[in-house]
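Undergrad: Numbering (my numbering), first residue to last: 536 to 625.
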Amino acid sequence: MRRCISCRESKPQDELLRFTLSGDTISADTDGNSEGRGYYLCSRKECIENAIKRKAFNRACRTNVDADSIETAINIALDRQGEELNVKKS
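1. What three-state label does DSSP hand Ile540 in the structure shown?
2. Do you know offhand how far Ile611's Cα is from Ser569's?
3. Could you pull the start and end residues of the alpha helix (DSSP H) that Arg579 belongs to?
4. Between which two residues does the beta strand (DSSP E) carrying Thr565 extend?
5. Ordered along the chain, which non-local residues of its own chain (more than five positions away) have a Cβ less than 6 Å from that of Tyr574?
6. Do you know offhand how far Lys546's Cα is from Val600's?
7. Taking buried to mean at least 16 other C-beta atoms within 10 Å of its own C-beta, is Ser557 buried or exposed?
8. I'd like to check one pair, Thr565 with Arg615: are the Cβ atoms closer than 7 Å?
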């Protein structure tokens, strides 16, 4: 079980999107084998929008994460799952 950084609900790992941090760039871990600390996010639209709006990645990573890398990583992760939600900054 892993916890979503946005809604804070615990869910099975395979139901969440996984991201890793390298420097100040967040990356989608689409195969689940990337090294480093994992950050998990629900693929629900509300969770994604709240994570961006409330800077959940900055809080979870305890650093200032580049907003463009967050959007890119989320779109890559969703694309790999076959879902579409083009994330844009608000």
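Just so you know, even glycine gets a beta-carbon here, dropped at the ideal spot from N, CA and C.
TA: On the basis of the coordinates in this document:
1. Locating residue 540 in the sequence shown gives position 5, where the first residue counts as 1. Shown here, Ile540 sits in coil according to DSSP, grouped into three states, outside any helix or strand.
2. Here residue 611 is taken as the residue at index 76 of the sequence shown, counted from 1. Here residue 569 is taken as the residue at index 34 of the sequence shown, counted from 1. Counting only the Cα atoms, Ser569 lies some 15 Å from Ile611.
3. In the sequence shown, residue 579 corresponds to position 44, counting from 1. Run containing Arg579: none; DSSP gives neither H nor E here.
4. Counting from 1 along the sequence shown, the entry for residue 565 is found at position 30. No beta strand (DSSP E) contains Thr565, which DSSP labels as neither H nor E.
5. By 1-based counting over the sequence shown, the position of residue 574 is 39. So the qualifying residues of the chain are Ile540, Phe554 and Ala595.
6. Here the question's residue 546 lines up with position 11 in the sequence shown. Here the question's residue 600 lines up with position 65 in the sequence shown. About 24 Å.
7. Mapped onto the sequence shown, residue 557 falls at position 22. By the 10 Å Cβ count, Ser557 comes out exposed.
8. Translated into the one-based positions of the sequence shown, residue 615 becomes position 80. Translated into the one-based positions of the sequence shown, residue 565 becomes position 30. Cβ distance < 7 Å, so Arg615 and Thr565 count as in contact.
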